[in-house]
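Visitor: Following this message is one structure expressed as structure tokens.
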Amino acid sequence: MSDSLPGLPFDAAPFDLLEADQRARLERAADLGYYPAGTRLIVAGEASPCVYVIMKGLVHASDPRGNGEDARFADYGPGDLFGAFAVIAGRARHSYGAIEDTLCALIPAAEFLRLLEANTKFGAWFHEALSVKRRLLAEQQQPGELNRLMLTRVQDAQLAPVRSVDAATSIGAAAAELRGHRVDCLLV
């Protein structure tokens, strides 16, 4: 019988990029967290104490709006990882909440940051552009849910609503649109 923490998919990206000793250290540091439906896991603008790997359940990422409502950004399910960028940046861009009862493997922020620094490929997974992630996937040649997600065509992906502006829109007005809708890109 193994004493390793269930839920950390060491056979899938990005965890398959870790060395054996790094995996062992991560297994020792990780914990389990249970979150009933309706629980807020990460609040936009605040630091995250850990990186979450969903074992069971559904988590909804959203952006707060000025009217007290949240706009859906993305949904995360079993095998998905979230909170990494909130740990790296020291604050979350989105809020994350359990939509249904959710069980997660929890990677403490300090351990996650140590792994990023100690393993350049693992760090690149989170710091570099999508093209680097695709190359790392090709090197690993391991099909998996995350691998398929990273290679999904945009037209097939579940995305937040598209914001667009007319070609005659001034840069100032476009910047106001970006801030007003809390998005980082607009279609012209």
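In this note's numbering, the protein residues as written are 8 to 195. Just so it is clear, CB atoms sit at the ideal spot from N, CA and C, and this is done for glycine as well. No experiment lies behind these values; they were computed from the predicted model shown.
1) Give me the Cα-Cα distance between R207 and A180, rounded to the nearest whole angstrom.
2) Could you tell me which residues DSSP pairs with I178 in its beta bridges?
3) Run through the stretch 69-103 for me and flag every whole beta strand (DSSP E) of 3 or more residues, listed as ranges in chain order.
4) From R189, L15, V190 and P168, pick the residue whose C-alpha is nearest to that of P85; which is it?
5) Just to confirm the assignment: which complete alpha helix (DSSP H) runs, minimum length 4, are found wholly within the stretch 12-61?
6) Could you give the C-beta distance for F89 and V66, rounded to a whole number, given that I count them as a contact under 8 Å?
7) Going along the chain, which residues of its own chain have a beta-carbon closer than 8 Å to the beta-carbon of Q29, five neighbours each way excluded?
8) Tell me where the beta strand (DSSP E) around L110 begins and ends.
9) Using the Cα positions of L113 and V195, report the straight-line distance between them to the nearest angstrom.
10) By the three-class DSSP mapping on this structure, what secondary structure does L194 have?
11) Assuming V58 contacts A91 under a Cβ cut-off of 8 Å, what Cβ separation, rounded to an integer in Å, is found between them?
Guide: Taking the definition as stated:
1) Since the displayed the chain opens at 8 and closes at 195, residue 207 lies outside it and no answer follows.
2) None, per the DSSP bridge assignment.
3) 77-83
4) L15
5) 27-36
6) 7 Å
7) L122, A125, N126 and F129
8) T109 to P115
9) 40 Å
10) strand
11) 5 Å
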